[in-house]
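In the working numbering, the protein residues as written are 40 to 113. Working notes, structure below.
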């Protein structure tokens with residue numbers, strides 16, 4: 040069966056909260072805080088896209104980064 044594009048799905052990545060720290064920091068966070076370099080991966084069907092990286096935060100914000108995925112039907 041041949042797939043036909045019938046539209047476009049728009050997804051916006053806004054923010055995440057209380058992300059688990061990938062780096063625990065030194066001396067229980069007193070000298071360097073716990074942090075993560077966060078990104079968001081979106082997948083629709085076979086199409087995958089990745090947001091920019093929000094560095095050294097546990098509450099990342101992406102300022103409504105937009106992603107576009109084709110909507111296909113057979």
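Built from N, CA and C at the ideal position, the CB exists for glycine as well. Computed from a predicted model, the values in this text were never measured in an experiment.
Note down the Cα distance separating residue i from residue j, rounded to an integer number of angstroms.
i	j	result
residue 61	residue 41	44 Å
residue 59	residue 81	19 Å
residue 57	residue 90	18 Å
residue 46	residue 78	26 Å
residue 104	residue 111	23 Å
Span of the beta strand (DSSP E) holding residue i?
i	result
residue 51	43 to 54
residue 102	100 to 112
Could you please give me the residues that DSSP links to residue i through a beta bridge?
i	result
residue 77	93
residue 83	86
Out of the options, state which residue places its alpha-carbon closest to the alpha-carbon of residue i.
i	options	result
residue 101	45, 47, 52	52
residue 85	72, 49, 108, 43	108
residue 72	94, 87, 113	94
residue 83	43, 44, 48	48
Looking at residue j and residue i, is the spacing between their C-beta atoms short of 8 Å?
i	j	result
residue 96	residue 74	yes
residue 99	residue 54	yes
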